[in-house]
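Which chain is which? The protein sequence lines are V and L, in order.
Add 1 to a position in the first sequence, counting from 1, and you land on the number used in this note's numbering.
Add 46 to a position in the second sequence, counting from 1, and you land on the number used in this note's numbering.
All C-beta atoms in this analysis are idealised placements derived from N, C-alpha and C, irrespective of residue type, glycine included.
Owing to the predicted nature of the structure, the values given are computational and were not obtained by experimental measurement.
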Amino acid sequence: MSARIGAFVRKEIREIVRDRRAIILSFVMPILVYPVMFSLMSSTERKSEEKVQQEIHRVAVSGAPEVRDALADLERVEFVSLPADPKKAIADGDLEAWVEAPDTLVREGDGAPVVRIWHHVSHDKSRNAEERLQDALARAAERVKDARYQAAGGHGSLGDLVTLVTVDVATKEETAGAEAGRLVPYLLVMTLFIGAAAVSTDIVAGEKERGTLETLYLVPVPREVIARAKFFVVWGATILTGTLNLASMAWCYRSGLMGDASVDVSALSPAGLGLAVLLIVPLAAVVAGIMLGLSALARNVKEAQLQIMPVMLLAIIPGMLASGQAVKLSAMTALWPIANVALAVRDGLLGQMSLPLLGLVFVASVGWGFLVTRWTAGILSREDTILGFSPEPLFAHTVGGRRRAAMFALSATVLAFFYVGGLLQTWKLLLGLGLSLWVVLPLLGAGSLRFAGSGGRLADVLSLRAPRPLALLGAVLLALGVGVPLFYGVMKLQGLFLPMPENFMGEFGGELGEAGKPLMLFLIAISPGICEELVFRGVFLGLLRRVGTVRSAILISSAGFALIHLSVFRFAPTFLLGLVMAGIVVRTRSIFPSMLFHAVYNASVMLVIGEGLLEPTPLTWGASVALFLAGALLVRSAAARSGESTPPPGN
Amino acid sequence: MTERIRVQDLAKTFLGAKGEEIRAVDGVSFVCREGEVFGLLGLNGAGKTTTLRMLSTVLTPTAGTALVNGHDIASDPQAVRESIGFLSGTTGLYPRLTAEETLRFFGEFHGLEGDRLDSAVERVLETFGITKYRTQRCEKLSTGMKQKVNIGRAVVHDPPVLILDEPTSGLDVLAAATTLEFVESCRAEGKCVLFSTHIMSEVERLCDRVAIIHEGSVRASGTMAELRERTGQRYPEEVFRAVVGNVE
């Protein structure tokens with residue numbers, strides 16, 4: 002009997018081990034992906050918590066001086082005089098808490114004197130202050146009580162010295178929002194994923210399994226139409242699921258089946274609920290696209306479920322981020338897919354909506370939705386997807402495989418440069434910056450070239466050709482002309498939608514400023530001019546041009562270049578600079594003019610614009626535009642004379 | 047007779063699990079005409095299905111060209127799909143749609159609407175004797191009935207070219223007989239039928255001309271009489287073996 006069971010077990014194990022996809026999804030994903038994701042999440046939360054811990058709380062104290070004395074040692078508290086309307090000041094965020102004590106701490110009959118801590122439940126800074134004040138007062142009361150007890154010879158009971166009462170100044174709407182804001186974003190994201198998974202599994206993987214997908218692709222309509230139709234079905238179903246779930250959650254709250262029964266959730270802000278419903282639309286597009294794409298990659302329903310399962314687990318993360326208040330909706334988090342909507346819905350329910358950020362969340366979500374749907378449409382048009390073949394190896398030596406390899410190498414370079422470079426610069430700023438540019442970045446570039454390269458002379462891939470003198474002169478003029486429009490045009494315009502922090506430019510000073518101009522020029526102008534150009538306009542532009550159009554290569558390599566500056570405020574200007582520099586390389590067929598452009602531009606920013614030596618007057622604007630146009634003409638003419646614009650092999 | 051399908055040096059290469067190239071079809075050429083049943087014979091994995099999938103535009107050729115009803119499969123795939131009815135053992139039916147809903151769905155995609163759609167659906171239901179089952183979901187139908195609905199789905203738009211990839215594979219005797227009778231009726235109507243199989247009795251019964259395909263390329267083609275004469279063999283199985291050699 003046991004031998005037979007053993008034979009069956011061995012056979013089952015053999016089969017399972019040979020199912021590579023199941024092994025990867027069941028074992029490799031949890032071992033590799035989840036720890037990375039959860040550590041990223043906890044690190045984000047920890048950073049936010051640390052930030053909250055460093056905040057100074059403004060507190061007003063009225064009544065018995067003993068109370069004020071008891072709080073005197075409390076760190077990070079700024080005691081302010083009592084405003085005329087302390088409750089309003091708390092609600093407006095001008096004051097975190099008000100400790101209201103009677104004039105004297107004298108017991109009246111059996112009752113201890115009441116000390117009230119006024120705060121606002123949906124302002125996390127106020128809630129944090131309230132918790133700290135309550136702890137401090139309770140500890141102080143215990144100390145006094147112990148002293149009195151000891152003084153009395155350790156006999157008898159003094160009862161409570163004071164009764165601490167916390168009073169929330171939040172309106173019913175705000176309290177309900179705080180309650181709903183903890184759960185609703187989390188449940189909303191999860192239910193959208195569940196809704197999308199059910200439909201997408203059936204209409205793609207299910208169709209493959211039943212053999213109907215091949216039948217469907219025999220009808221005389223373009224494949225994109227079928228892919229789009231399927232996307233709309235899953236999107237619609239996901240929106241419906243999300244809306245129904247939101248309605249059901251609201252009903253459960255109202256009926257007291259869910260949440261804190263003492264909270265009147267009928268007072269939930271209609272604007273907050275409306276926002277949640279509105280944001281379901283782009284969020285559902287992202288979720289539907291992801292689920293449809295994953296389902297399309299699977300050969301049958303079982304594989305689809307295996308692939309979707311880990312993603313569903315990962316979907317917990319954005320919801321969890323939004324269930325606390327540690328992670329804020331900011332210009333950066335507004336760009337995170339899925340999490341941005343969860344955070345916005347939470348803030349909407351809390352009544353803390355910032356219209357520019359909401360706009361950014363909406364635009365980012367629509368952008369993610371667009372990218373995901375393009376990815377899905379691509380998968381649904383592929384032969385291996387339609388017929389359920391094993392897909393082409395991810396990094397095969399085909400055009401598609403080399404394109405994926407180049408994209409992977411670019412993403413890996415951006416991430417690795419961010420983390421390794423960040424660590425080095427935290428350790429020692431100047432040395433770290435030098436090492437990042439001269440060691441880390443070239444190593445990443447060389448690794449990318451080896452991993453994603455498809456042959457060809459190194460000099461051709463990197464555009465290492467002697468440039469025409471006119472091209473070099475054009476690059477210098479372009480670099481001198483681009484600063485004013487970029488700083489006083491693009492960045493000012495960006496500031497209307499994405500206000501820049503006050504100390505943003507100051508962040509680039511500090512230790513660097515003390516290094517002396519020659520070293521600064523070397524680190525900020527010459528080094529990026531050589532190293533960043535070799536990697537982004539050399540390696541990545543070169544690799545991407547061989548596996549796609551010149552336009553997409555310019556766009557993608559510029560996006561990678563902008564991302565390594567890892568600041569949402571610098572993305573647009575560095576992306577535009579990347580476009581100009583990639584354009585120079587494509588036009589002149591040489592990387593040296595773009596190196597010169599980069600070095601001259603960075604030097605001009607450091608020495609002239611950064612020092613405030615160039616004001617945006619009509620004269621400087623005119624001169625800049627003239628320089629830029631003259632530079633562009635020279636680069637163009639240099640290209641025409643060298644018979645340029647011939648694409649490299651592969652285009 | 048008018049040419050309906052012209053295949054010229056058609057090739058298809060797939061990538062293997064380790065990125066190696068696998069030439070599933072390697073320079074196949076043949077011609078099929080109206081009122082003719084052309085048989086594509088070959089072992090499993092010979093390249094028949096890949097060839098037919100390229101002709102139905104589900105797969106894109108790596109090299110070579112093919113015209114179906116005068117339309118290029120690479121540059122005008124939609125016009126090709128409008129001209130063909132494709133049926134294989136792997137083209138399934140939507141289980142939760144009824145027989146009539148299935149026919150209407152595919153008829154609409156082929157540009158039929160209103161009275162034209164109604165009459166096309168009625169014609170198919172009557173021709174294949176499935177009127178009684180029109181409101182039954184496909185998942186509830188017997189294998190034979192399913193096959194009839196599937197054939198009806200492929201011809202609801204009355205295409206001039208039919209591409210049938212081992213259409214009797216996995217069918218019981220009666221369902222297979224229905225399919226073969228349908229092929230004969232198509233020939234009688236002047237349609238061009240490209241028919242892949244590895245069942246020699248079907249070849250004997252249906253095919254006017256055949257091409258024997260092996261390891262991705264056509265090894266011999268002509269009428270069965272011509273192939274008999276060329277190989278000096280009497281039975282179709284022996285003719286086939288003589289062309290492809292002894293294969294394990």
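Give the residues of chain L in contact with residue i, contact being defined as C-beta atoms less than 8 Å apart.
{"i": "residue 616(V)", "result": "The contacting residues do not exist; residue 616(V) stays about 59 Å from chain L at best."}
{"i": "residue 225(V)", "result": "Near residue 225(V) there are no residues of chain L at all, since even the closest Cβ is about 12 Å away, more than 8 Å."}
{"i": "residue 384(V)", "result": "104, 105 and 106"}
At 7 Å on the CB atoms, spell out the chain L contacts of residue i, in chain order.
{"i": "residue 212(V)", "result": "136, 137 and 138"}
{"i": "residue 215(V)", "result": "104, 136 and 137"}
Under 7 Å Cβ to Cβ from residue i, same chain only, skipping five residues before and after it: list those, please.
{"i": "residue 182(L)", "result": "144 and 145"}
{"i": "residue 128(V)", "result": "120 and 122"}
{"i": "residue 62(V)", "result": "68, 69, 72, 80 and 100"}
{"i": "residue 99(L)", "result": "105"}
{"i": "residue 628(V)", "result": "478, 481 and 482"}
{"i": "residue 148(L)", "result": "139, 140, 184, 195 and 199"}
Return the CA-CA distance between residue i and residue j, expressed in angstroms with no decimal places.
{"i": "residue 653(V)", "j": "residue 227(V)", "result": "As displayed, chain V neither begins before 2 nor continues past 652, which places residue 653(V) out of reach and without an answer."}
{"i": "residue 14(V)", "j": "residue 20(V)", "result": "10 Å"}
{"i": "residue 648(V)", "j": "residue 466(V)", "result": "Because residue 648(V) carries a pLDDT of 42, less than 50, the predicted location of this residue cannot be relied on, and the following value inherits that uncertainty. Roughly 15 Å between the two C-alpha positions."}
{"i": "residue 443(V)", "j": "residue 450(V)", "result": "10 Å"}
{"i": "residue 259(L)", "j": "residue 87(L)", "result": "6 Å"}
{"i": "residue 200(L)", "j": "residue 587(V)", "result": "51 Å"}
{"i": "residue 207(L)", "j": "residue 229(L)", "result": "11 Å"}
{"i": "residue 48(L)", "j": "residue 80(L)", "result": "6 Å"}
{"i": "residue 79(V)", "j": "residue 408(V)", "result": "51 Å"}
{"i": "residue 100(V)", "j": "residue 329(V)", "result": "27 Å"}
{"i": "residue 9(V)", "j": "residue 232(L)", "result": "51 Å"}
{"i": "residue 179(V)", "j": "residue 600(V)", "result": "51 Å"}
{"i": "residue 283(L)", "j": "residue 554(V)", "result": "56 Å"}
{"i": "residue 281(L)", "j": "residue 235(L)", "result": "29 Å"}
{"i": "residue 164(L)", "j": "residue 131(L)", "result": "19 Å"}
{"i": "residue 645(V)", "j": "residue 584(V)", "result": "Note that residue 645(V) has pLDDT 46, beneath the 50 cutoff, so the model's placement of it is unreliable and the number below is only indicative. In a straight line, the C-alpha of residue 645(V) is about 12 Å away from that of residue 584(V)."}
{"i": "residue 178(L)", "j": "residue 184(L)", "result": "13 Å"}
{"i": "residue 356(V)", "j": "residue 345(V)", "result": "10 Å"}
{"i": "residue 374(V)", "j": "residue 251(L)", "result": "49 Å"}
{"i": "residue 248(V)", "j": "residue 277(V)", "result": "11 Å"}
{"i": "residue 422(V)", "j": "residue 95(L)", "result": "54 Å"}
{"i": "residue 294(V)", "j": "residue 381(V)", "result": "8 Å"}
{"i": "residue 288(V)", "j": "residue 113(V)", "result": "56 Å"}
{"i": "residue 294(L)", "j": "residue 282(V)", "result": "Residue placement at residue 294(L) is poorly supported in this model, since its pLDDT is 47, which falls under 50; the coordinates are not used for a value here."}
{"i": "residue 595(V)", "j": "residue 189(V)", "result": "48 Å"}
Anything in chain L within Cβ reach of residue i, meaning under 9 Å, just list it in chain order.
{"i": "residue 17(V)", "result": "Ordered by position in chain L, no residue passes the 9 Å Cβ test against residue 17(V), which lies about 19 Å from the chain."}
Residues in the same chain with beta-carbon distance under 6 Å from residue i, minus the five sequence neighbours each way, listed in chain order, please.
{"i": "residue 651(V)", "result": "Residue placement at residue 651(V) is poorly supported in this model, since its pLDDT is 37, which falls under 50; the coordinates still yield a value, given next. Taken in chain order, the residues that qualify are 547."}
{"i": "residue 115(V)", "result": "164 and 166"}
In chain order, what residues of the same chain lie with their CB nearer than 8 Å to the CB of residue i, ignoring the 5 residues before and after it?
{"i": "residue 253(L)", "result": "83, 84, 85, 241 and 270"}
{"i": "residue 192(V)", "result": "242, 243 and 246"}
{"i": "residue 135(V)", "result": "118, 165 and 167"}
{"i": "residue 635(V)", "result": "471, 472, 474, 475 and 478"}
With a cut-off of 8 Å on the beta carbons, I'd call residue i and residue j a contact; round off their distance for me.
{"i": "residue 419(V)", "j": "residue 565(V)", "result": "7 Å"}
{"i": "residue 97(L)", "j": "residue 77(L)", "result": "That pair is no contact at about 13 Å."}
{"i": "residue 292(V)", "j": "residue 187(V)", "result": "Actually they do not touch by this definition, with Cβ atoms about 18 Å apart."}
{"i": "residue 477(V)", "j": "residue 597(V)", "result": "6 Å"}
{"i": "residue 582(V)", "j": "residue 525(V)", "result": "That belief does not hold up - the Cβ atoms of residue 582(V) and residue 525(V) are roughly 16 Å apart, past 8 Å."}
{"i": "residue 341(V)", "j": "residue 365(V)", "result": "6 Å"}
{"i": "residue 75(V)", "j": "residue 133(V)", "result": "7 Å"}
{"i": "residue 22(L)", "j": "residue 212(L)", "result": "Outside the displayed range of chain L (47 to 294) lies residue 22(L), so it cannot be described from this structure."}
Residue i touches chain V at which residues, Cβ-Cβ below 7 Å?
{"i": "residue 127(L)", "result": "219, 220 and 221"}
{"i": "residue 152(L)", "result": "220"}
{"i": "residue 132(L)", "result": "219"}
Under 8 Å between beta-carbons, which chain V residues line up against residue i? List them in chain order, please.
{"i": "residue 244(L)", "result": "In chain order: nothing, as chain V lies at least about 20 Å away."}
{"i": "residue 124(L)", "result": "221, 222 and 223"}
List the residues of chain V whose Cβ lies closer than 9 Å to the Cβ of residue i, in chain order.
{"i": "residue 141(L)", "result": "211 and 213"}
Practice problem: Pull out every residue of the stretch 155-173 of chain L whose Cβ sits closer than 9 Å to any Cβ of chain V, in chain order. | Solution: 155, 156 and 157
Quiz prompt | Under 9 Å (Cβ pairs) to chain L, residues found in the stretch 353-387 of chain V | solution = 384, 385 and 387
Practice problem: Closer than 9 Å, Cβ to Cβ, to anything on chain V: give me those residues from the stretch 205-237 of chain L, in chain order. | Solution: Sequence-ordered contacts of the stretch 205-237 of chain L with chain V are nonexistent [C-beta pairs closer than 9 Å].
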